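Taking this note's numbering, the leading residue of the sequence shown gets 11, the next gets one more, and so forth.
Beta carbons: idealized from backbone N, C-alpha and C, even for Gly.
The structure presented is a predicted model; accordingly, all values stated were derived computationally and were not measured.
Notes to accompany the following structure.
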Amino acid sequence: MGGADGSCSDTLTINAGVPQGSVPFPTLFILYINDMLPIDGVHCYADDSTGDAQYISHQCLSRSVVQERRSKLASEVENSLGRISEGESNLVQFNPLETQVYAFTAKKNTFVVVPQFQEVSLKPSTSIGILGVDISSNVQFRSNLEANSEA
């Protein structure tokens with residue numbers, strides 16, 4: 011509400027957010043998510059955010075040690091996702107259904123630990139898309155190159 015010379019204007023609702031695809035969107039989105047940028051392992055470009063976490067394994071580790079390290083890794087991922095969720099204080103909403111989880115591993119047994127994001131179990135994918143590039147489990151870009159060469 012504003013006023014001048016004893017007159018007051020009508021009240022208006024101020025909406026938060028920026029229409030996706032608009033010219034100022036990438037810059038304003040970065041301002042909205044600025045608090046999450048210092049989180050270790052989180053990388054942002056325009057409206058894409060990618061997080062990473064890792065552990066180094068050795069061939070001589072037992073399955074139980076590998077599973078323990080994977081559980082710890084999933085816990086670290088959940089902690090980072092929890093910090094990212096704090097962006098809601100700036101009215102930034104993240105969609106856990108669009109969140110991808112992927113494990114790059116040379117191990118033959120699959121990564122069975124499933125992290126949670128906003129009470130949603132994140133199922134590991136067989137490939138992951140980062141900024142329009144699809145990367146498969148063997149870190150090959152063949153499917154991405156084939157899909158783009160047909161277009």
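Nonlocal neighbours in the same chain, by C-beta distance under 7 Å from residue i, ignoring five residues either side
i: G51; result: G61, D62, A63 and S90
i: D58; result: L141
Classification of residue i by the beta-carbon crowding that lies within 10 angstroms, buried from 16 upward
i: F127; result: buried
i: L9; result: What is shown of the chain runs 11 to 161, which leaves residue 9 out entirely.
i: P125; result: buried
i: A14; result: exposed
i: V87; result: buried
CA-to-CA distance, residue j to residue i, given in whole angstroms
i: A116; j: P134; result: 15 Å
i: L41; j: G31; result: 16 Å
i: N158; j: S19; result: 54 Å
i: S95; j: I140; result: 20 Å
i: Y55; j: A84; result: 24 Å
i: P36; j: I43; result: 11 Å
i: T144; j: Y112; result: It is worth fixing the name first, because residue 144 is Asp in this sequence and not Thr. Cα to Cα, the separation comes out at about 12 Å.
i: N105; j: R80; result: 24 Å
8 Å Cβ shell around residue i - same chain, five flanking residues per side excluded
i: K82; result: Y65
i: Q69; result: none
Neighbourhood of residue i by C-beta distance below 6 Å, restricted to the same chain and skipping five residues each side
i: N25; result: none
Can you check the region 90-122 for any alpha helix (DSSP H) of at least 4 residues that lies completely inside it and give the ranges in chain order? For the region 90-122, there is no continuous alpha helix (DSSP H) assignment of 4+ residues that stays within its boundaries.
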